[in-house]
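Peer 1: First the structure, then my questions, so here it is.
Numbering (my numbering), first residue to last: 5 to 325.
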């Protein structure tokens, strides 16, 4: 995907947020949990039911086997089975993006090929973690994955987890590859994101829920959200309000979600743990987390439920749940 050709600053151009080509996998993507049975076995029936639930409530894309999907503790065979099951459940109603990123380039390339066979529409590829490679090696890693598949790639920049950034200059070069089409941005570097967005046609998805509206307002494609496991309609409504020109309502919706975002994503536990605790409390498929993660305790779960009830309770006026 080549960098954009500069235009005269006074020349009217279509808003990236309004362009279908700027949303290769949709706008409202859920970083879906991977449901397990009580004894820790992959629950494909639960995954299908959860996927159907999320799509029915506004998600037009599902990201499987990412951070929230417990990719480090699921096997290659489980990842492939999950893709196939979710693809069968949602059909063409939503895109299916498969997380294939590992710290091993050859393993990631193999997972990318298998994801295509299993029915994925695209691939989420995290920066290679733990070994902390320099930027030329990070770039080579992503190019090798892109060359190993016919599917489009979402590059996943989450340095707090991986220990390595995908630097803006690296992203500018990677944008030239025809199969590198998007970024899931968890860098917490808004200036860097805008630099890349202004100089390429990479689709930028907010990976941090507090940035959903802010990134969308400057031309982002939408979000890839853990919180969307429990509040898909509400987060989708933020985008819908902005697209309708009602920026005040979009801001109200974003602000209304703050207590839930804080409880789920900034309370000291991984989002996987909090999402599964709240899904279970709501009677939706989730099951336990796999070790080394541990389940949320009762006090934490009660706090999560209180934050959820604040979002969806009777005092919400016209704000969707």
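Glycine included, every Cβ here is placed at the ideal spot set by N, Cα and C.
1) Once you ignore the five residues that flank residue 284 on each side, which residues in its own chain have a CB closer than 7 Å to its CB?
2) Within its chain, find whatever has a CB closer than 8 Å to the CB of residue 117; leave out the 5 residues flanking it on each side and keep chain order.
3) Please report the distance separating the alpha-carbon of residue 62 from that of residue 168.
4) If you draw a straight line from the alpha carbon of residue 40 to that of residue 293, how long is it in whole angstroms?
5) For the structure I just gave you, are there three or more beta carbon pairs, one from the segment 188 to 198 and one from the segment 211 to 227, closer than 8 Å?
6) Which term fits residue 188, buried or exposed, when burial requires 16 or more other beta carbons within 10 angstroms of its beta carbon?
7) Determine, using beta carbons only, whether residue 104 and residue 66 come nearer to each other than 8 Å.
8) Pull up the distance between the alpha-carbon of residue 237 and that of residue 32, whole angstroms please.
9) Under 8 Å: do the segment 250 to 269 and the segment 306 to 319 share three or more Cβ pairs, one atom per stretch?
10) Measure from the alpha carbon of residue 86 to the alpha carbon of each residue in 234, 122, 244, then state which is nearest.
11) Could you tell me which of 49, 59, 157, 43 sits nearest to residue 233, measuring between CA atoms?
12) With H, G and I counted as helix, E and B as strand and the rest as coil, what does DSSP make of residue 160?
13) My parser needs the beta strand (DSSP E) runs of 3 or more residues fully inside the segment 187 to 256; what are they?
14) Taking the beta carbon of residue 160 as the centre, do at least 16 other beta carbons fall within 10 Å, making it buried, or is it exposed?
15) Check whether the segment 106 to 115 and the segment 40 to 59 are in contact - that is, three or more C-beta pairs closer than 8 Å.
16) What's the gap between the Cα of residue 129 and the Cα of residue 78?
17) Taking only the alpha-carbon atoms, compute the straight-line gap between residue 324 and residue 235 and give it to the nearest angstrom.
18) How would you write the range of the alpha helix (DSSP H) that residue 55 sits in, first residue to last?
19) Return the residue from the list 133, 299, 97, 146 that minimises the CA-CA distance to residue 164.
20) Short of 8 Å in beta carbon distance, which residues of its chain neighbour residue 273, apart from the five on each side in sequence? Order them along the chain.
Peer 2: Reading off the structure:
1) If we look at residue 284 and ignore the five residues flanking it on each side, its Cβ neighbours are 290.
2) Once the five neighbours on either side are set aside, the close Cβ partners of residue 117 are 152, 153.
3) Taking the straight line joining both Cα atoms gives about 33 Å.
4) Rounded to the nearest angstrom, the two C-alpha atoms are 8 Å apart.
5) By the Cβ rule, the segment 188 to 198 counts as touching the segment 211 to 227, because three or more pairs are nearer than 8 Å.
6) Label assigned to residue 188: buried.
7) No, Cβ-Cβ distance for residue 104 and residue 66 is not below 8 Å.
8) Taking the straight line joining both Cα atoms gives about 9 Å.
9) As far as the Cβ criterion goes, the segment 250 to 269 touches the segment 306 to 319, which means the pair count is three or higher.
10) Nearest of 234, 122, 244 to residue 86, Cα basis: 122.
11) The shortest Cα separation from residue 233 among 49, 59, 157, 43 belongs to 59.
12) Residue state, collapsed to three classes: strand.
13) As far as the segment 187 to 256 is concerned, its whole beta strand (DSSP E) runs of at least 3 residues are 207 to 210, 226 to 229.
14) Only buried fits residue 160, as 16 or more other CB atoms lie within 10 angstroms of its CB.
15) Taking a contact to require three or more Cβ pairs closer than 8 Å, the segment 106 to 115 and the segment 40 to 59 do not qualify as touching.
16) Distance between the alpha carbons of residue 129 and residue 78 is about 16 Å.
17) Any reading at residue 324 needs caution, since the residue's pLDDT is 45, under 50, leaving its predicted position unreliable; the model's value is listed next. Rounded to whole angstroms, residue 324 to residue 235 spans 9 Å at the Cα level.
18) That run of the alpha helix (DSSP H) goes 48 to 60.
19) For residue 164, the nearest C-alpha among the options comes from 133.
20) Around residue 273: 300, 304.
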